[in-house]
Each structure stands twice: as structure tokens, then as C-alpha cells.
Amino acid sequence: MGSIIDAECYMQFIRFITELNKALIMVKKTCP
């Protein structure tokens, strides 16, 4: 834990969640 590999994996996970959230918001705006 706390290694560079873990940090990189964590950042990729956060980026994935952020993109998923953005897509969800776009769907909400498009659908009534």
C-alpha cells in the first residue's frame, strides 16, 4: 500500500468514476 503502482491504479479508478458520473449527468439532461 502507498506504492506508486497503487497510486496510479487509484487515479485511474477515480478517472473512471468521474467519466461515469459525467455520462450519467448527460443522460439525465437528455431524458425527461
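Note that this note's numbering has the sequence shown beginning at 83, numbered continuously upward.
Positions of the beta carbon are idealized from the N, C-alpha and C atoms, including for glycine.
No experiment lies behind these values; they were computed from the predicted model shown.
#1: How many Å lie between Asn103 and Lys110 at the Cα?
#2: Would you kindly work out how many angstroms separate the C-alpha atoms of Met93 and Thr112, rounded to a whole number?
#3: The alpha helix (DSSP H) spanning Asn91 covers which residue range?
Checking against the coordinates, here is how it stands:
#1: In a straight line, the C-alpha of Asn103 is about 11 Å away from that of Lys110.
#2: 29 Å
#3: The sequence shown places Cys at residue 91, not Asn. Unbroken alpha helix (DSSP H) run through Cys91: Ile86 to Thr112.
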